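Note that the sequence shown covers residues 3 to 87 in my numbering. Note that the Cβ used here is the ideal one computed from N, Cα and C, for glycine as well. This one's a predicted model, so the numbers in the text were calculated from it and none came from an experiment.
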Amino acid sequence: MMENGGKLLEVQMGEIPVAVEYWKNTYQMNDNQVKMMLLLYEKKSAMPNQTITLSKEEVAILGIKNEDGRIESKESFAEIDIFWE
């Protein structure tokens, strides 16, 4: 199972601090990006069916470096009802 993506399930089903550390290291996230991730996690956990709209400042924290990254990030966030202009 681990060869077929089981590691992702192990991380996602585990303790939150372990998952945060995994994501931080895997995606080389800075402290502000980790804070944003935790904020979004808390918001979605509290209101899973609610749409979230990020401010320009929040989008800047994501640290998107180019247009391809912006497009890909926007599509990924839209899948979980998180949007920005």
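Start-to-end residues for the alpha helix (DSSP H) that takes in W25
Residue range 18 to 28 is occupied by the alpha helix (DSSP H) that includes W25.
Can you grab the Cα-Cα spacing for the pair E67 / V61, in whole Å?
Inspection of the sequence shows that residue 67 is occupied by Lys rather than by Glu. Linking K67 to V61 through their CA atoms gives a straight-line distance of about 11 Å.
Considering only residues of the same chain and omitting the five flanking positions on each side of M3, which have a CB-CB separation below 7 Å?
For M3, the pLDDT reaches just 45, beneath the cut-off of 50, and the residue's location in the model is therefore unreliable, leaving the point undetermined.
Please name the residue or residues paired with T55 in a DSSP beta bridge.
In DSSP, T55 forms a bridge with F85.
Mind checking which residues open and close the alpha helix (DSSP H) that includes L41?
L41 -> alpha helix (DSSP H) spans 33 to 48.
Where does M49 land, buried or exposed, given buried means 16+ other C-beta within 10 angstroms?
M49 is exposed by the Cβ-count criterion.
Just to confirm before moving on: does the CB-CB distance between W86 and T55 stay below 8 Å?
For W86 and T55, yes; Cβs fall inside 8 Å.
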